[in-house]
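Colleague: Numbering (the numbering used here), first residue to last: 70 to 317. Using N, Cα and C, we set each Cβ at its ideal position, and we do this for glycine too.
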Amino acid sequence: MRIDVCMRVDDLQPEVISATSAVVFDVLRATSTIVTALANGCHGVIPVTDTEDAIARAHQKRHEGLETLLGGERGGRKLTGFDTGNSPLEYSGDVIAGKFLILTTTNGTRTIEACKTAANVYMGSLLNARAVARRLYNEKSDVTLVCAGTKGRFSLEDAVAAGLVMLELKVLASKDASKVKLQMTDAATAVALLAAGYEKGIGQCLYDSAHGQRLLQLGFDEDLVWCGKANKFSVVPVLDRHKGLVTL
């Protein structure tokens, strides 16, 4: 079971990940929002890279008689005319249960699109790191952990979340009598060491990150608290590449 990490979506090689299960990490905040929405009863999330396309898809869903929310942000702020932004706290059960969500974001939805060549595409975050690790370990296929980054740059929080999944995989391997060997690339080892360094609380990485500081300036303090809740959920969102729909 070989595990690699792509530190920025711009470094992703589609042909390389085609035989692997890819896990997308955009901890602040797209994948945390997707995990939260689906855990709270959302029927499915349609990630879209373009704002006009997102609006068109929402209109189409509503025309089909399906309850649909249009969510999105650019630069951390909710898009004008959209129902919701990209804060996971906007997607409580009373808001999202039984509905579809069309979501477009600055970094996360672009990364999901870039991973569509992978054999499987999962959504990862601090919120569901242990559940993701368990799913990957049960599959025992090769894995690429894909960090979205922020506007083409490395993001600390995405790397730490990928590292937490690595640490959880190592725990599973240590308890498995079949002794499945984890073949970790240097990048996988690096993120595991990074996550292990947050012994006093993994959520601190959000406050240490540049993007986290940006969100604090925008007033999203509670988002950092929420997104830092490690292993809160046991759900593992998966992308249906043919339908372009993320479900459980």
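DSSP on Asn-207, reduced to helix/strand/coil?
Modeller: Note: Asn-207 maps to helix in three-state DSSP.
Colleague: Using the Cα positions of Arg-71 and Val-92, report the straight-line distance between them to the nearest angstrom.
Modeller: If you take the alpha carbons of Arg-71 and Val-92, they lie about 14 angstroms apart.
Colleague: Looking at C-alpha atoms only, which residue of Lys-185, Leu-317, Leu-158, Gly-218 is the closest neighbour of Ala-200?
Modeller: Per the Cα distances, Leu-317.
Colleague: Rounded to the nearest angstrom, how far is the Cβ of Lys-209 from that of Val-249, given a contact under 8 angstroms?
Modeller: Correct: roughly 6 angstroms between the Cβ atoms.
Colleague: Look at Gly-140 and Gly-154 and say whether their C-beta atoms are less than 8 angstroms apart.
Modeller: Yes, the pair counts as a contact, with Cβ atoms nearer than the cut-off.
Colleague: Using 8 angstroms for Cβ pairs, my map puts Val-315 next to Ala-108. What's the rounded Cβ distance?
Modeller: So it is not a contact: roughly 12 angstroms between Cβ atoms.
Colleague: Looking at the structure shown, is Gly-266 part of a helix, part of a strand, or coil, going by DSSP?
Modeller: Three-state DSSP puts Gly-266 in coil, outside helix and strand.
Colleague: Considering just the uninterrupted stretch of the alpha helix (DSSP H) at Ala-91, what are its terminal residues?
Modeller: No alpha helix (DSSP H) holds Ala-91; the beta strand (DSSP E) holding it covers 90-94.
Colleague: Let me know the secondary structure DSSP gives Leu-314 once reduced to three states.
Modeller: The answer is strand: DSSP assigns Leu-314 an E or B state.
Colleague: Residues in the same chain with beta-carbon distance under 6 angstroms from Pro-318, minus the five sequence neighbours each way, listed in chain order, please.
Modeller: This structure cannot settle anything about residue 318, because the visible part of the chain is limited to 70 through 317.
Colleague: Who are the Cβ neighbours of Ala-106 in its own chain at under 7 angstroms, not counting the five residues just before and after it?
Modeller: So the qualifying residues of the chain are Val-114, Tyr-160, Ile-165, Leu-170.
Colleague: By alpha-carbon positions, which one of Ser-224, Ser-156, Ser-278, His-128 ends up nearest to Val-78?
Modeller: Checked all of Ser-224, Ser-156, Ser-278, His-128; the closest Cα to Val-78 is Ser-224.
Colleague: Does the beta-carbon of Glu-142 have 16 or more other beta-carbons within 10 angstroms, so that it is buried, or is it exposed?
Modeller: By the 10 Å Cβ count, Glu-142 comes out buried.
Colleague: Taking the beta carbon of Val-240 as the centre, do at least 16 other beta carbons fall within 10 Å, making it buried, or is it exposed?
Modeller: The residue is exposed, with fewer than 16 neighbouring Cβ atoms inside 10 Å.
Colleague: Out of curiosity, what's the CA-to-CA distance linking Gly-297 and Phe-94?
Modeller: So the two alpha carbons sit approximately 13 angstroms from each other.
Colleague: State the start and end residues of the unbroken alpha helix (DSSP H) segment that holds Leu-284.
Modeller: Note, Leu-284: alpha helix (DSSP H), 279-286.
Colleague: Does Asp-255 pass the burial test, meaning 16 or more other C-beta atoms within 10 Å, or should it be called exposed?
Modeller: Its Cβ having fewer than 16 others within 10 Å, Asp-255 is exposed.
Colleague: In or out: Glu-237 buried (at least 16 other Cβ within 10 Å) or exposed?
Modeller: Classification of Glu-237: buried, given that the 10 Å Cβ count is 16 or more.
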